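For any residue, its number in our numbering is found by taking its place in the sequence shown, counting from 1, and adding 2.
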Amino acid sequence: MIDLNALREEREKCIEWKNIKPYWKAVTGLPEVNEVEIRLGDTIEVYPSNLSEEDEENIYNAAKTVWPWRKGPFKISKTFIDSEWRSNIKYDILKPHFDLKDKIVGDIGCNNGYYLFRMIEEEPKRLVGFDPSAIPYCQFKFLDHFIQSNIKYELLGVEHVEHYEHKFDVLFCLGVLYHRADPIGSLKSLYKGLNFGGELILDTFMIDGEDEMCLTPKKRYSKIPNIYFIPTVNALKNWCYRAGFEEIEVLDIVKTQLDEQRRTEWINTQSLDDFLDEHDESKTVEGYPAPKRVYIKARKIKKNS
């Protein structure tokens, strides 16, 4: 049995790491705020009252320190964080397909919490984010300093969901599965983390075809080293069935576009335009099919149903 409290204590030491200390210093040095206006639209906007010019500069400098910003966008007073991903596009695809009111909801691989913050308006009973990465954790703390939500952020991964203190009514797992060397094992952990009648909402890379098969990149896919398996939709369904899920519904299939993922001043790395063949945007630089995502909903059927 995994001791989650001991694991939490160990992972929270990340703020003491040499490369993370400047991030944490920026977060803990933010100006205190009282009244805050929050707008949870495509851009999550936060307007604290009575900020001085020094406070505004402090916020901008802190936001620039805790980069790269992958998910967003956000606007904190005068500071607009134009993230690499326009995450509102994915959220708008999924929103018609879930009902979170009074539900216990988890977001696995939540990054800086963009989707969790958007979900606040859906009036869930509880929101929990899972992500073991130190930089997104600092970004969440930066944002939540102003938003002051009741979201619980866990420095834990998909493999810990089944061992969590409580189960979930809805789990989101967006852009995680292709990073897992054992995708069926990860799906089993998600299945075990759900209440009966619960739903998994998942997106992952896919390849076209009716066959039950998957692409296994030799080294990298779209310049990303930790991409292990890219299935056809039918292969993905089989993974879900093997994990225990039923009633699997394909919500959408979308090719990643350059207006959704692109390089901005808020990241310090390459982005989608650099990952595609400069002569043929239908292929990655490695010659594989260009990124395309499938969105699915899978249910854990109630006992005796």
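Note that the Cβ used here is the ideal one computed from N, Cα and C, for glycine as well.
Bear in mind that the values here come from a model prediction, so they are computed numbers and not experimental data.
Setting aside the 5 residues that flank it on each side, TYR62 is surrounded in the same chain by LYS80, THR81, each with a C-beta closer than 8 Å to its C-beta; the list follows chain order. For VAL29, the CB contacts under 8 Å within the same chain, skipping 5 residues up- and downstream, are ALA64, VAL68, CYS140, LYS143, PHE144, HIS147 in chain order. For the set ILE4, LEU9, ARG295, the Cα lying nearest the Cα of VAL256 is the one of ARG295. Excluding sequence positions up to five before and after LEU204, its CB lies within less than 6 Å of the CB of CYS175, ILE298, all in the same chain and listed in chain order. The secondary-structure analysis by DSSP pairs ALA300 across a beta bridge with LEU202. PRO33 has its alpha-carbon roughly 14 Å from the corresponding atom of VAL48. Distances from the CA of LYS127 to each of LYS105, VAL287, PHE277, LYS27 were compared; the closest alpha carbon is that of LYS105. Note on the stretch 132-204: whole beta strand (DSSP E) runs with a minimum of 3 residues are 154-156, 170-176, in chain order. Under the 8 Å Cβ criterion, the stretch 243-255 counts as touching the stretch 94-114, having at least three qualifying pairs. For GLU123, the CB contacts under 8 Å within the same chain, skipping 5 residues up- and downstream, are LEU42 in chain order. In this structure, SER51 and GLU37 form a Cβ contact; the two beta carbons are roughly 4 Å apart against a cut-off of 8 Å. LEU157 has its alpha-carbon roughly 7 Å from the corresponding atom of SER135. Under the Cβ criterion (8 Å, minimum of three pairs), the stretch 193-200 counts as touching the stretch 161-170. In this structure, DSSP gives LEU260 a state outside helix and strand, which the three-state scheme calls coil. In this structure, the CA atom of ILE250 is about 20 Å from the CA atom of GLU164.
The Cβ-Cβ distance between GLN272 and LYS221 does not fall below 9 Å. The C-beta of ALA183 has fewer than 16 other C-beta atoms within 10 Å across all chains shown, which makes the residue exposed.
Taken through DSSP and simplified to helix, strand or coil, LEU253 comes out as strand. Judged by DSSP in its simplified three-state form, TYR93 adopts helix. Of the other Cβ atoms in all chains shown, 16 or more fall within 10 Å of the Cβ of GLU86; this residue is therefore buried.
By the Cβ criterion, the stretch 231-251 is not in contact with the stretch 263-283, since fewer than three pairs of Cβ atoms, one from each stretch, lie closer than 8 Å. DSSP, reduced to helix, strand and coil, places ASP279 within a strand of the structure shown.
When the Cα atoms are used, THR206 and PHE277 turn out to be separated by approximately 17 Å. Just measuring C-alpha positions, the residue of LEU274, ASP109, VAL178 sitting nearest ALA292 is LEU274. The residue among PHE247, GLN259, GLU161, PHE231 with its C-alpha nearest the C-alpha of ILE4 is GLU161. If you look at LYS77, you'll find it in the beta strand (DSSP E) that goes 76-78. For the stretch 25-111, the full-length beta strand (DSSP E) segments reaching 3 residues or more read 38-42, 46-50, 76-78, 81-83, 106-110 along the chain.
The C-alpha of ILE209 lies about 6 Å from the C-alpha of ILE232.
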